[in-house]
Every structure is written in C-alpha cells, then in structure tokens.
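Q: Here it is, the structure in full.
So, in structure tokens, the structure goes:
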C-alpha cells in the first residue's frame, strides 16, 4: 500500500483546544536553511513566540481580518500530530498560517480588541485531522506528503527551493522514483528532474569553502533560481561537468568562475553580480561558446556586456521548421518491431529527446 493510501486510514477528526495546538518551528516555508528545533523544545514559550513572529511574515494579517469578520471556518482542515506519545499537545503539520492567525487574533482580544462572542467561541476549539498512532518524530513521511501535496500542487505555493526539498525528500527518504515523486507533487517529470539536480547543485554550493554566503537566509535562497536555470540547460550541464551519479559539478575551474560571476566569491565592497539575475543564465552558454564574449566575462565585465558581442543577429539560412517536420515523421514512423525491442541505449536517446523538447517548450 502506498504512503498516500495509508495516510487516509490514519487521519481522525477531533476537536482540540487552541492552547494545545503548537506551531511547527520546522515548517519548510520559513525554516529552509535554519537549524532544526528539537522536539522537546517545540512547546517552549520562547520557541512558539518566535515561530509566530516568523510565520506572521507570510500573509497572516489578511487571514486575521477574515477570521475576525466571519470566525474560523474549517473548510480546509488543519492536520496535526501528537508532539510526543504521552503529551496532550499537538503540532500543526498543515495549517500553520491559519493557526498562527487564530493565536495572533486571540492575543489582540486579550489586549482589548472587541469582536463578536460567537466568533471568539469559534477560535477556542478547532476541528482538526489528527495523524493517529504517531508522534511528531515518527511521522515525517506523512508530514512530507501532506505539505508537498498542499503547497506544490495546491494553494499558497511554496517557492521553488521548498518545492525541491520536498521532491528530493520523497526520492531520498521514501525511495520514490523521480516519476512517482513528480506525479505525487503534481510536477512534470522533466521539471522534477532538473529541480532535483538544482537542489543538489545549490546544496553543494552552500558547502563550498570558496563561497561567501550572504547573512540573510532569504537572500541565500534567492540563488537557487540561478541553479534551476543552469540545470535546465543541457549544454551548461555538460560544460560544467554535471555528474548525475554523484549529483555534483566536476569541472572545478569553471564552477569557481561561475560562483565569482554570481557574486559568491572574491566579493569586493561595492561590487555587483556580473550575472545580475537568474534569467541572464540563459545567455551564459552562448557567451561561453565565443572566445571574445567569454573574455569580457572573465575580465570582470557583466554578462550583458559580454552578450553585446552578438548585437548583430545572424540570418538563419537553415529551414528549421522543415527539419522539425522531418524529425516528427521519422519518430512517428519508427517500425513497431524496433519499438518493441529497443535497447536501453535506444530508450535513453528517446528520453533525452523528450527532455530537450520539454526544455525548448519552457
């Protein structure tokens, strides 16, 4: 039985006092790079207050306004799990923003805010779905499935880095194939493939001794988009020596140059990124393929300066539309006997064709 099907049988509806519901300080939305808070500290008042402050940055005020006017409506159920086996506290797995909104609103009420008594009553006890016979520590697989399904294919989407973490966890921790993980999270297989590669490349960059990371976590995560663009590009993957079996770049000389161009090494006061945005990565292979353009980038110029070498657009003499039609006809007319007995090498070529087509259609 799959994790998803087992999950259905482990969810039980119950009513829990708001005072017994704990915000999750390890929620992927706002703890992407932070050290994990141990289970025995989650119920600590200082940790809970800090978590409420952290999650308030993610649209809590708009939810508070709604709850203040119409009360707490359990249209989308809160999902919780017991903190520990003998504890009467529950940690919120899905619905942290909504519970944070309720807790914040109750604080306002304690400080003098006047609202309808029936609305106050709706905030005191919350109908939740509890993952039964489990605790916070031993339910991580289910937590991942619930959060991934909700925030990748569902509402209030996570940013790409959090999406990639969920994807990689399904593959590495739950032994999902990349195809099954992509289907579970509502991603296309090709997207999942380069998102997974980008995650590993980003984490490798974070551990590199030559890299100088910004102090702000959000700024660090912003670099993830660069690696998404790099790993989407087949030519750049080859140029930088991407090794699929070890999930890392092997061309050390060129990867260090890349870190410098991104502003992650040899940082000088007042300097700016030579590649200012992730979308500029789409120009990079073209620049690296031309000695004059590459020399501009390597001497400290911006990628836009380097790309200006190609300001005169060459005329395309080849009829590429005709070529695409020819490729289509050839693929469509492959003999059935060949298709049934394709070698692994043949299948790999077809998969590579699919990947390239999907990248061109982005």
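In the numbering used here, the protein residues as written are 391 to 752.
Glycine is no exception: its CB is placed at the ideal position from the N, C-alpha and C atoms.
Please read these numbers as outputs of a predicted model, since none were measured by experiment.
What's the gap between the Cα of residue 492 and the Cα of residue 516?
A: 10 Å
Q: Let me know if residue 642 comes out buried or exposed under the rule of 16 or more other beta-carbons within 10 Å of its beta-carbon.
A: exposed
Q: Is the region 599 to 614 touching the region 562 to 574 in the sense that three or more CB pairs, one from each, lie closer than 8 Å?
A: no
Q: Mind checking which residues open and close the alpha helix (DSSP H) that includes residue 613?
A: No alpha helix (DSSP H) contains residue 613, which DSSP labels as neither H nor E.
Q: Rounded to the nearest angstrom, what separates residue 739 and residue 534 at their Cα positions?
A: 33 Å
Q: Excluding sequence positions up to five away, which residues of its chain have a Cβ less than 8 Å from the Cβ of residue 591?
A: 617, 620, 621, 632, 637, 638 and 639
Q: I'd like the ranges of any beta strand (DSSP E) spanning at least 3 consecutive residues and lying wholly in the region 447 to 528.
A: 468 to 472, 480 to 484 and 515 to 525
Q: Scan the region 600 to 681 and note each continuous alpha helix (DSSP H) run of 4 residues or more that stays entirely inside, going in chain order.
A: If we require 4 residues or more, the alpha helix (DSSP H) runs fully inside the region 600 to 681 come out as 607 to 612, 614 to 622, 624 to 629, 642 to 651 and 674 to 678.
Q: Could you tell me the alpha carbon to alpha carbon distance between residue 427 and residue 416, rounded to whole angstroms?
A: 6 Å
Q: With H, G and I counted as helix, E and B as strand and the rest as coil, what does DSSP make of residue 404?
A: Note: residue 404 maps to strand in three-state DSSP.
Q: Indicate the three-state DSSP secondary structure (helix, strand or coil) for residue 413 in the structure shown.
A: coil
Q: In whole angstroms, give me the CA-to-CA distance for residue 665 and residue 678.
A: 13 Å
Q: Establish whether the CB of residue 668 and some CB of chain C are separated by less than 7 Å.
A: The question asks about chain C, but that chain is absent: this structure has only one protein chain.
Q: Quick one: any contact between the region 472 to 483 and the region 437 to 450, if contact means 3 or more CB pairs under 8 Å?
A: When C-beta atoms of the region 472 to 483 are compared with those of the region 437 to 450, fewer than three pairs fall below 8 Å, so the two segments do not count as touching.
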